[in-house]
Ligand code: 2U9
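Residue numbers (the working numbering): 71 to 478.
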């Protein structure tokens, strides 16, 4: 209320509903009397519940009952809310409108909070307006929300329309890798002969990869040029032999096992080399095992792997871990041994290395070489796969081109 309003305390006014009388100071305040300039009188006349009286002085007086002010305020909030909802085009904005009007600090909620300023006898009526307005706004909000959700759903359905007449997308089915096919074949053969398949770690101690296999510290294989070292003592295994050493250390004899797995050597990539490839090593330790057992076993393996007519031959060789050592060739399964382009006219194809386990290797793993003997062999898995499936470049095995892999 402006200071000038105090001039009206004793003014004789004609109040709608109340009839003409003199207002007390408190009543004047309650009625919201204020002095307004003559010039804006026509404008204020438009407002509901506004009355004008002449004071003993010249200004024109606007008197508004608090109840009427509240009604105007609630109506204004209602009109504004309905207009905002009508213009609203997203559910998010709709929610913002809800919060700004009906929320804890919303405009309508604020009106309720100011009820204390309303004369007690008017409170039920004002409360009813506010609640009716709240219900109406909530209903309109809910209708708008339902309408928008429906529109969003319909737009989504239109965008996601599925043409059921289109041919189905063909799922690309994988294929076993030639290495896997060859490995499973080797495993099938040896498991059939009573062998166990044992796997071990690709990161290994120098001892299990070299020392326990009688490979001396100054052996060229131990050169950093050939082996990937993690540190001075730990490396990426260059052969799966460590797996057999771990088995021997367990002290459970006899042993009849194959150890397939990935190995690593610091080689440049070419048609026959890769820094990572796969080996299958075999080990048999029992009483009275002789080179004859080695020959018979590997001859049987060759027949099953490359054909019933396959013959084998052994050429002397040297490995630090076996004594005597040999390399085994198989008769060319393309020409039967006559000599062809496949066997480079030799009639024989080198397949694997083998030998009788060196007595010192047995001793280092606490096996008495006087009581037990054994044989061991090692074969490159990629070499078997390349030969068996007549693939002339090792790199093809690592490209994972399904068109290539599907041929085997
Ligand atoms: C223990 C004792 C002896 C495993 C053997 C070979 C011969 C061999 C090569 C084949 C092709 C490696 O991948 S390759 O380059 N391996 O010629 N490996 S005997 O001898 C062992 C293994 C473990 C305890």
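Don't be surprised by glycine CBs; every beta carbon is placed ideally from N, CA and C.
It should be emphasised that the depicted structure is a prediction, and the values quoted were computed from it without experimental measurement.
Quiz prompt | C-beta atoms of residue 211 and residue 155 nearer than 9 angstroms | solution = Residue mapping note: residue 211 aligns to position 141 of the chain shown, counting from 1. Residue mapping note: residue 155 aligns to position 85 of the chain shown, counting from 1. Yes, these two residues count as a Cβ contact at 9 angstroms.
Self-check item: For residue 329, three-class secondary structure by DSSP
Solution: Counting from 1 along the chain shown, the entry for residue 329 is found at position 259. In the structure shown, residue 329 sits in a strand (DSSP, three-state: E or B).
Practice problem: Would you please state the rounded distance, in angstroms, between the beta carbons of residue 331 and residue 270? I believe it to be under 8 angstroms. | Solution: For the purposes of this step, residue 331 is identified with residue 261 of the chain shown, where counting begins at 1. For the purposes of this step, residue 270 is identified with residue 200 of the chain shown, where counting begins at 1. Yes, they are in contact, since the Cβ atoms of residue 331 and residue 270 sit about 7 angstroms apart, within 8 angstroms.
Quiz item: Between the region 258–266 and the region 222–234, are three or more C-beta pairs nearer than 8 angstroms?
Solution: Put simply, the region 258–266 does not touch the region 222–234. Fewer than three CB pairs are less than 8 angstroms apart.
Quiz item: Do you know how far the Cα of residue 478 is from the Cα of residue 50?
Solution: Nothing about residue 50 can be read from this structure; the chain reaches only from 71 to 478.
Quiz item: Taking buried to mean at least 16 other C-beta atoms within 10 Å of its own C-beta, is residue 366 buried or exposed?
Solution: What you label residue 366 is simply residue 296 of the chain shown in a count that begins at 1. With fewer than 16 other Cβ atoms within 10 Å, it is exposed.
Self-check item: Nearest-angstrom Cβ-Cβ length linking residue 170 and residue 176, presumed shorter than 8 angstroms
Solution: Numbered from its first residue, the chain shown carries residue 170 at position 100. Numbered from its first residue, the chain shown carries residue 176 at position 106. Yes, they are in contact, since the Cβ atoms of residue 170 and residue 176 sit about 6 angstroms apart, within 8 angstroms.
Practice problem: Quick one: grab the DSSP three-state call for residue 167. | Solution: Counting from one through the chain shown, the residue named residue 167 turns up at place 97. Three-state DSSP puts residue 167 in a helix.
Quiz item: Exposed or buried, which one is residue 88 when buried takes at least 16 other CB atoms within 10 Å?
Solution: As a working mapping, residue 88 is identified with position 18 in the chain shown. Any reading at residue 88 must be qualified, since the residue scores a pLDDT of 36, below 50, and its modelled position is unreliable; no value is offered.
Self-check item: Heavy atom of ligand 1 within 8 angstroms of residue 360 beta-carbon
Solution: Looking up residue 360 in the chain shown gives position 290. No; taking the cut-off as 8 angstroms, the Cβ of residue 360 has no heavy atom of ligand 1 nearer than that.
Quiz item: Using DSSP with H/G/I as helix, E/B as strand and the rest coil, what is residue 285?
Solution: Here residue 285 refers to the residue found at position 215 of the chain shown. In this structure, residue 285 counts as coil in the three-state DSSP scheme.
Quiz item: Just to check, is the beta-carbon of residue 229 closer than 8 angstroms to a non-hydrogen atom of ligand 1?
Solution: Along the chain shown, one-based indexing puts residue 229 at 159. For ligand 1, not one heavy atom lies less than 8 angstroms from the Cβ of residue 229.
Practice problem: May I ask you to verify whether the region 460–468 touches the region 373–385, counting CB pairs closer than 8 angstroms and requiring at least 3? | Solution: no
Self-check item: DSSP beta-bridge partners of residue 275
Solution: Residue 275 sits at position 205 when you count from the first residue of the chain shown. Residue 275 pairs with 304.
Quiz item: If we count the other Cβ atoms within 10 Å of its Cβ and call it buried at 16 or more, is residue 227 buried or exposed?
Solution: Within the chain shown, the letter at position 157 stands for residue 227. That one is exposed.
Quiz item: Across which residues does DSSP place residue 353 in a beta bridge pair?
Solution: Indexing the chain shown from 1 puts residue 353 at position 283. In the DSSP output, where bridge partners are listed per residue, residue 353 has 327 and 446.
Quiz item: What span of residues does the alpha helix (DSSP H) with residue 430 cover, start to end?
Solution: In the chain shown, the residue the question calls residue 430 occupies position 360. First-last of the alpha helix (DSSP H) with residue 430: 429–434.
Quiz item: What three-state label does DSSP hand residue 422 in the structure shown?
Solution: Looking up residue 422 in the chain shown gives position 352. Here residue 422 sits in strand by DSSP.
Exercise. Select from 317, 303, 414 and 439 the residue whose C-alpha is nearest the C-alpha of residue 357.
Key: On the chain shown, residue 357 is found 287 positions in, with the first residue counted as 1. If we check each option's Cα against that of residue 357, 439 comes out closest.
Quiz prompt | First through last residue of the alpha helix (DSSP H) which encompasses residue 411 | solution = As a first step, residue 411 is located in the chain shown; it is residue number 341 there, counting from the start. Run containing residue 411: none; DSSP gives neither H nor E here.
Practice problem: Quick one: give me the first and last residue of the alpha helix (DSSP H) that residue 157 is part of. | Solution: As a first step, residue 157 must be located in the chain shown, where it is residue number 87. Segment 136–157, the alpha helix (DSSP H) holding residue 157.
Self-check item: residue 321 beta carbon near ligand 1 (any heavy atom closer than 8 angstroms)
Solution: Position 251 of the chain shown holds residue 321. For ligand 1, not one heavy atom lies less than 8 angstroms from the Cβ of residue 321.
Practice problem: Would you check if there are 3 or more beta carbon pairs closer than 8 angstroms linking the region 342–359 to the region 237–246? | Solution: no
Exercise. Starting from the Cα of residue 162, find the closest Cα among 222, 197, 405 and 201 and give me that residue.
Key: As a position in the chain shown, residue 162 is number 92, starting the count at 1. Comparing Cα positions, the closest option is 222.
Quiz item: Is DSSP giving residue 221 helix, strand or coil here?
Solution: Here residue 221 is taken as the residue at index 151 of the chain shown, counted from 1. Of the three classes helix, strand and coil, the one that applies to residue 221 here is helix, per DSSP.
Self-check item: Bridge-paired residues (DSSP) for residue 346
Solution: Reading the chain shown from its first residue, position 276 is the one you call residue 346. 334, per the DSSP bridge assignment.
Quiz item: The alpha helix (DSSP H) spanning residue 362 covers which residue range?
Solution: For the purposes of this step, residue 362 is taken as residue 292 along the chain shown, with counting starting at 1. Element bounds for residue 362: 361–376.
Exercise. Return the first residue and the last residue of the beta strand (DSSP E) that residue 439 is part of.
Key: As a first step, residue 439 must be located in the chain shown, where it is residue number 369. Segment: none, residue 439 is in no beta strand (DSSP E) and carries neither H nor E.
Quiz item: Can we count residue 464 as close to ligand 1, meaning its CB is less than 8 angstroms from some heavy atom?
Solution: Position 394 of the chain shown, counting from 1, holds the residue named residue 464. No, since every heavy atom of ligand 1 falls outside the 8 angstroms radius drawn around the Cβ of residue 464.
Practice problem: Can you grab the Cα-Cα spacing for the pair residue 401 / residue 324, in whole Å? | Solution: In the chain shown, the residue the question calls residue 401 occupies position 331. In the chain shown, the residue the question calls residue 324 occupies position 254. When rounded, the distance between both Cα atoms is 32 angstroms.
Quiz item: Applying the criterion that 16 or more other CB atoms from any shown protein chain within 10 Å of the CB defines a buried residue, is residue 229 buried or exposed?
Solution: Taking the chain shown and counting its residues from 1, one reaches residue 229 at position 159. Per the 10 Å Cβ criterion, exposed.
Self-check item: Any 3 or more C-beta pairs closer than 8 angstroms across the region 427–434 and the region 389–405
Solution: yes
Exercise. Please indicate yes or no: does the CB of residue 423 lie closer than 8 angstroms to some heavy atom of ligand 1?
Key: Taking the first residue of the chain shown as 1, we reach residue 423 at position 353. It does: the Cβ of residue 423 is within 8 angstroms (strictly closer) of some heavy atom of ligand 1.
Practice problem: Would you mind sorting residue 399 into buried or exposed? The rule is 16 or more other CB atoms within 10 Å of its CB. | Solution: For the purposes of this step, residue 399 is identified with residue 329 of the chain shown, where counting begins at 1. With 16 or more Cβ atoms within 10 Å of its Cβ, residue 399 is classed as buried.
Self-check item: Distance, residue 333 Cα to residue 311 Cα
Solution: As a working mapping, residue 311 is identified with position 241 in the chain shown. As a working mapping, residue 333 is identified with position 263 in the chain shown. Rounded to whole angstroms, residue 311 to residue 333 spans 10 angstroms at the Cα level.
Quiz prompt | Collapsed DSSP secondary structure at residue 467 in the structure displayed | solution = Your numbering for residue 467 matches position 397 in the chain shown. Reduced to three states, the DSSP call for residue 467 is helix.
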